[in-house]
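Participant:
2 protein chains.
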Amino acid sequence: MSADPVGAFVPGPSVRVEGKAGGPLSGLTFAAKDLFDVAGEVTGGGNPDWARANPVPSKHAWAVQTLLDAGATLIGKTVTDEVSLGILGESAFDGTPLNTRAPDRVPGGSSSGSAAAVAAGLCDTALGTDTGGSVRVPASFCGLYGIRPTHGRLPLDGMLPQAPTSDTTGWFARDAATFAKVSAAMLGEEIPAALPTRLIVAVDAFGFADPEVAAALQPMVERLKGLVGAARDEVMAPPGLSTWGRAQRTLQPAEAWSTFKDWVLRDNPRMAFGVARGLVMGSMVQEAEQGWANLMRTEVRARLRYLLPPDTILCMPTTPFPAVPKGLPVPVQTPLRDRILCLCAHGGLAGFPQVSIPGAELDGLPIGLSILGGRGSDATLIAVAEAMERAA
Amino acid sequence: MSADPVGAFVPGPSVRVEGKAGGPLSGLTFAAKDLFDVAGEVTGGGNPDWARANPVPSKHAWAVQTLLDAGATLIGKTVTDEVSLGILGESAFDGTPLNTRAPDRVPGGSSSGSAAAVAAGLCDTALGTDTGGSVRVPASFCGLYGIRPTHGRLPLDGMLPQAPTSDTTGWFARDAATFAKVSAAMLGEEIPAALPTRLIVAVDAFGFADPEVAAALQPMVERLKGLVGAARDEVMAPPGLSTWGRAQRTLQPAEAWSTFKDWVLRDNPRMAFGVARGLVMGSMVQEAEQGWANLMRTEVRARLRYLLPPDTILCMPTTPFPAVPKGLPVPVQTPLRDRILCLCAHGGLAGFPQVSIPGAELDGLPIGLSILGGRGSDATLIAVAEAMERAA
Chain A
166 MSADPVGAFV PGPSVRVEGK AGGPLSGLTF AAKDLFDVAG EVTGGGNPDW
216 ARANPVPSKH AWAVQTLLDA GATLIGKTVT DEVSLGILGE SAFDGTPLNT
266 RAPDRVPGGS SSGSAAAVAA GLCDTALGTD TGGSVRVPAS FCGLYGIRPT
316 HGRLPLDGML PQAPTSDTTG WFARDAATFA KVSAAMLGEE IPAALPTRLI
366 VAVDAFGFAD PEVAAALQPM VERLKGLVGA ARDEVMAPPG LSTWGRAQRT
416 LQPAEAWSTF KDWVLRDNPR MAFGVARGLV MGSMVQEAEQ GWANLMRTEV
466 RARLRYLLPP DTILCMPTTP FPAVPKGLPV PVQTPLRDRI LCLCAHGGLA
516 GFPQVSIPGA ELDGLPIGLS ILGGRGSDAT LIAVAEAMER AA
Chain B
166 MSADPVGAFV PGPSVRVEGK AGGPLSGLTF AAKDLFDVAG EVTGGGNPDW
216 ARANPVPSKH AWAVQTLLDA GATLIGKTVT DEVSLGILGE SAFDGTPLNT
266 RAPDRVPGGS SSGSAAAVAA GLCDTALGTD TGGSVRVPAS FCGLYGIRPT
316 HGRLPLDGML PQAPTSDTTG WFARDAATFA KVSAAMLGEE IPAALPTRLI
366 VAVDAFGFAD PEVAAALQPM VERLKGLVGA ARDEVMAPPG LSTWGRAQRT
416 LQPAEAWSTF KDWVLRDNPR MAFGVARGLV MGSMVQEAEQ GWANLMRTEV
466 RARLRYLLPP DTILCMPTTP FPAVPKGLPV PVQTPLRDRI LCLCAHGGLA
516 GFPQVSIPGA ELDGLPIGLS ILGGRGSDAT LIAVAEAMER AA
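Residue numbers (our numbering), protein chains in the order written: chain A, 166 to 557; chain B, 166 to 557.
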């Protein structure tokens, strides 16, 4: 990587791996969140003591290898919230990458550096991870295209896990054409020409967002209706988005604890207090609560299967509000973070693919419109994103 | 400070403040744990984000000023477990000061650097703090004299607090004469010539230590009997040292949480995972548990008042075993730390003065014998320590 005016890349020697010649992504550059292995490079995971416990990888992560094979050139590893535990993108160790679209605001996390690098034009695309919103939120906050693919569809080899039943590999782009090219390579599937024919407007999700956000997204919703055709209003989460949020925030921290407990108990790593507290809370989740949350996960999946038969997509605000100011006091930040996570919970619970589309603003701050489809409909969502840009 | 071959001093520019000429401690040097304010110097508190939240002090801490006024020269600030939360002296940020008497073992904490500096001969005495054992434990592990004074006797101005109802300022020395001189200055009281006349041997405390430790301390107990006279065996803690330990480990973490919560919630500081976990656990102590622990504190005070009328002292092992190896895995470390804290709990619960006297060894590792007296009997305990050295 070259200059890094936005603090998007991890400190240390620069990393560069040329893509294979003649691939479909030739000429494109990409960055990888520092949760992805790059052969011969430390995987830092956003924590100063992670690398100590984990050998330098000898192999690229699947996602890195896939982009290199398709011809894109890796130009750096990007800042992440510690071991992906964070949604705002303010790292106690590596700082807060600059959100070029909203310089006094957070970039969103945990794929903060990847989003910041793409938004600043430092690379064409960047790999992130999305367990509870870590691609979708920074995409919305930084005004980018971003995808959380169908859970379980893409191999996660060489990606630092958090909560495996929710973990996915996603990516960002500034424009729909690049987003489509990268997505075709990552998904191993052509982006179809045909668009879905039915649109569901998730009225509870729009109601959960700030009214000004719902209003700012309305022109995009109208454009989507024009492209897709038959639209109807539906409640997405009959028990409430907060109940879905509660289920995800039961399962994910408990699973994160089980992922990280051997490490934190053995190595006593340095961590931001809030990150450590989240893990400790995860260690205390009761079995009965987990049992309930797993039943709710079954219901969430059933609900989304019911809402999203073939040729149907659903739209909703990606986040309830645009990027929040940097450095908010914890008592102010906590309820905001809780609301963000409620709008993201279905991702980890159901594993359906979701794409955040930029194009709306509130007081100059970007805000994304998300579209969801049935499992495996990732390429169709990309096609809709392209059509949305063409129709803008 | 000059060379620091043992990693006892905090990194950064060296600190030196000359003592007043002609004082009783003229010619002596001392170091201060980095919880004590030194005018114009950062008080780091062992945590990389503490100083950011706290202004550089314009005034010396009471304890520092007292030693300077008595003529001792300050030569540095020493490594401490983070904000005094730790008993082994292994800091994730500043490393583990070398225990010169047991180089592959921990120095004990949280006054780790102060003990290590004195043990290595880098200074004559050093200030520590003792809330739950932070002077007594490193004194035992490093083979030093160490005192936890009567709680509430010495002003704690300019000392970073942890749990104010248990916090004290203590100090270390290698030999009894220096220990007595420093103690007279700190206590503002001559060390008396007369010794107590009754000795209690705390049979439950000796039973709580490893049998080899109890045996290794036996010659010192015999010497003490020879000096003090009438000795009798007593159970120190009728409900069990583990029950006293439980009470202290209810009150102290809850109080530490109340001391630090504004800071950690506002600043999200970097912390070792285990330190953060301790604070989180402190935040969860139930009111009913605190109520019980406060009642137990009343009982502990009553028991020690009963056992320690004037002219009576009690002896016990300072720690249940010598310094443990460095870098033990947490599951191995936890029960060892728990046992150490049970033997120290009476300090914070009752606030009676205690002096740890070196002179015994187990397999070449130092182990201290502690003597306790009634409230205010600090100087008498120092006199006993001197007599013990003379009689050795």
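Glycine included, each C-beta is placed from N, C-alpha and C at the ideal position.
What are the residues that DSSP puts in a beta bridge with Thr290 (chain A)?
Facilitator: Paired residues: A:Phe195, A:Ala338.
Participant: For the alpha helix (DSSP H) containing Met324 (chain A), name the first residue and the last one.
Facilitator: Premise fails: Met324 (chain A) is in no alpha helix (DSSP H) and is neither H nor E.
Participant: Just reading off the alpha helix (DSSP H) that Leu233 (chain A) is part of, what are its end residues?
Facilitator: Run containing Leu233 (chain A): 227-234, per the alpha helix (DSSP H) assignment.
Participant: Can you tell me where the alpha helix (DSSP H) with Ile356 (chain B) in it begins and where it stops?
Facilitator: Where Ile356 (chain B) is concerned, there is no enclosing alpha helix (DSSP H), given that its DSSP letter is neither H nor E.
Participant: Whole angstroms is fine: what's the gap from Arg466 (chain B)'s alpha carbon to Pro475 (chain B)'s?
Facilitator: Rounded to the nearest angstrom, the two C-alpha atoms are 15 Å apart.
Participant: Hey, Val203 (chain B) and Ala216 (chain B): beta-carbon distance below 7 Å or not?
Facilitator: No, the Cβ-Cβ distance between Val203 (chain B) and Ala216 (chain B) is not below 7 Å.
Participant: Considering only the alpha carbon of each residue, which of B:Glu354, B:Gly311, B:Asp375, B:Asn459 lies closest to Thr408 (chain B)?
Facilitator: Out of B:Glu354, B:Gly311, B:Asp375, B:Asn459, B:Asn459 has the C-alpha closest to the C-alpha of Thr408 (chain B).
Participant: My understanding is that Thr194 (chain B) touches Ala304 (chain B), with C-beta atoms under 8 Å, so please give their C-beta distance in whole angstroms.
Facilitator: At roughly 19 Å, the Cβ-Cβ gap does not stay under 8 Å, so Thr194 (chain B) and Ala304 (chain B) are not in contact.
Participant: Taking 7 Å as the limit between beta carbons, can you name the residues of its chain near Gly188 (chain B), skipping five residues before and five after?
Facilitator: Around Gly188 (chain B): Asp234, Ala235, Gly236.
Participant: Could you give the residue range of the beta strand (DSSP E) that holds Gln413 (chain A)?
Facilitator: First-last for Gln413 (chain A): 406-432, but that is the alpha helix (DSSP H), not the beta strand (DSSP E).
Participant: Spatial neighbours of Ala421 (chain A) within its chain, please: C-beta separation below 6 Å, excluding the five flanking residues on both sides.
Facilitator: If we look at Ala421 (chain A) and ignore the five residues flanking it on each side, its Cβ neighbours are Gln327, Ala328, Gly447.
Participant: Tell me the rounded alpha-carbon separation between Pro490 (chain B) and Asp259 (chain B).
Facilitator: Computed Cα separation, rounded: 18 Å.
Participant: If Val393 (chain B) and Leu364 (chain B) are in contact, beta carbons under 8 Å, what's the gap, nearest whole angstrom?
Facilitator: Yes, they are in contact, since the Cβ atoms of Val393 (chain B) and Leu364 (chain B) sit about 4 Å apart, within 8 Å.
Participant: From what residue to what residue does the beta strand (DSSP E) around Gln519 (chain B) run?
Facilitator: Element bounds for Gln519 (chain B): 519-527.
Participant: Let me know if Gly353 (chain B) comes out buried or exposed under the rule of 16 or more other beta-carbons within 10 Å of its beta-carbon.
Facilitator: So Gly353 (chain B) counts as exposed.
Participant: Which residue marks the beginning of the beta strand (DSSP E) containing Glu183 (chain A), and which one marks its end?
Facilitator: Looking at the DSSP string, Glu183 (chain A) is not in any beta strand (DSSP E), and its letter there is neither H nor E.
Participant: Is Asn212 (chain A) close to chain B? Criterion is C-beta to C-beta, closer than 7 Å.
Facilitator: No, no contact with chain B.
Participant: Once you ignore the five residues that flank Lys185 (chain B) on each side, which residues in its own chain have a CB closer than 6 Å to its CB?
Facilitator: Answer for Lys185 (chain B): Asp234, Gly236, listed in chain order.
Participant: Within 7 Å of any Cβ in chain B, is that where the Cβ of Leu250 (chain A) sits?
Facilitator: Cβ-Cβ to chain B under 7 Å: no for Leu250 (chain A).
Participant: Please classify Ala548 (chain B) as buried or exposed, where buried requires at least 16 neighbouring CB atoms within 10 angstroms.
Facilitator: Classification of Ala548 (chain B): buried, given that the 10 Å Cβ count is 16 or more.
Participant: Tell me where the beta strand (DSSP E) around Gly311 (chain A) begins and ends.
Facilitator: It spans 310-313 - the beta strand (DSSP E) in which Gly311 (chain A) sits, taken as one unbroken run.
Participant: Using the three-state DSSP reduction, which class does Val366 (chain A) fall into: helix, strand or coil?
Facilitator: Strand.
Participant: Using the beta-carbon of each residue, which ones in chain B are nearer than 7 Å to Gly439 (chain A)?
Facilitator: Here the neighbours are Asn433.
Participant: Relative to chain B, which residues along the segment 483-505 of chain A have a C-beta separation below 8 Å, given in chain order?
Facilitator: Residues passing the 8 Å Cβ filter: Pro494, Val495, Pro496.
Participant: What are the boundary residues of the alpha helix (DSSP H) that includes Lys224 (chain B)?
Facilitator: Run containing Lys224 (chain B): none; DSSP gives neither H nor E here.
Participant: Do the segment 434-453 of chain B and the segment 260-268 of chain A meet, that is, are 3 or more Cβ pairs less than 8 Å apart?
Facilitator: No, they do not touch.
Participant: Does the CB of Val429 (chain B) have a neighbour CB from chain A at under 7 Å?
Facilitator: Yes, its Cβ sits closer than 7 Å to a Cβ of chain A.
Participant: Which residues does DSSP pair with Gln256 (chain B) in a beta bridge?
Facilitator: Here residue 256 (chain B) is Ser; the residue named in the question, Gln, does not match the sequence. BP columns for Ser256 (chain B) point to B:Gly260.
Participant: With 7 Å set as the bound, which would you pick, yes or no: does the beta-carbon of Arg442 (chain A) sit closer than that to a beta-carbon of chain B?
Facilitator: True, the Cβ-Cβ gap to chain B drops below 7 Å.
Participant: So, is Asp398 (chain B) buried or exposed, given that buried needs 16 or more other C-beta atoms within 10 angstroms?
Facilitator: The residue is exposed, with fewer than 16 neighbouring Cβ atoms inside 10 Å.
Participant: Measure the alpha-carbon distance for Thr559 (chain B) versus Leu546 (chain B) and round it to whole angstroms.
Facilitator: Because chain B is modelled from 166 through 557, residue 559 (chain B) falls outside the range shown and cannot be assessed.
Participant: Return the CA-CA distance between Thr477 (chain B) and Asn212 (chain B), expressed in angstroms with no decimal places.
Facilitator: When rounded, the distance between both Cα atoms is 41 Å.
Participant: Can you say whether Met481 (chain A) is buried or exposed, counting buried as having 16 or more other CB atoms within 10 angstroms of its CB?
Facilitator: So Met481 (chain A) counts as buried.
Participant: Quick check on Val445 (chain B) - is its C-beta less than 7 Å from some C-beta in chain A?
Facilitator: It does; some Cβ of chain A falls within 7 Å.
Participant: Within 7 Å of any Cβ in chain B, is that where the Cβ of Ala257 (chain A) sits?
Facilitator: It does: the Cβ of Ala257 (chain A) has a partner Cβ on chain B nearer than 7 Å.
Participant: How long is the line joining the alpha carbons of Arg462 (chain B) and Trp428 (chain A), rounded to whole angstroms?
Facilitator: Going from the Cα of Arg462 (chain B) to the Cα of Trp428 (chain A) covers about 37 Å.
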